[in-house]
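**Q** Counting in our numbering, the sequence shown runs from 91 upward without gaps. Each residue gets a CB set at the ideal place from its N, CA and C atoms; glycine is no exception.
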Amino acid sequence: MEVFFEEVRKALENGEQVKLSGFGNFDLRDKNERPGRNPKTGEDIPITARRVVTFRPGQKLKARVEKLEVKK
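1) Would the beta-carbon of residue 114 fall within 7 angstroms of that of residue 151?
2) Do residue 144 and residue 117 have their CB atoms nearer than 7 angstroms?
3) Between residue 134 and residue 124, what straight-line distance do the alpha-carbon atoms span, to the nearest angstrom?
4) Name the DSSP bridge partner or partners of residue 110?
5) Just curious, the alpha helix (DSSP H) that residue 155 is in, first and last residue?
6) From what residue to what residue does the alpha helix (DSSP H) around residue 139 run?
7) Take residue 101 and list the residues in its own chain whose beta-carbon comes closer than 6 angstroms to its own, dropping the five residues that flank it on each side.
In structure tokens:
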């Protein structure tokens, strides 16, 4: 498993999309700087621009999750 995750990391570091058939896609997304607020003090603070990893589940994964029973 560690080799698999290392390959995913390398691909993302190179700016590549990672597609896992039947599971979903990992993408990189650039987020702009935006205003934020410190929840303890209420002080306005800027949230810096950054690159984040996003995951979009594939149709097969979505379908399986939808079939799961909700636990109460």
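**A** Let me spell this out:
1) Yes.
2) Result yes, Cβ atoms of residue 144 and residue 117 sit closer than 7 angstroms.
3) Distance between the alpha carbons of residue 134 and residue 124: 11 angstroms.
4) 114, per the DSSP bridge assignment.
5) Counting along the chain, the alpha helix (DSSP H) containing residue 155 begins and ends at 149-157.
6) No alpha helix (DSSP H) holds residue 139; DSSP gives it neither H nor E.
7) So the list reads 108, once near-sequence residues are dropped.
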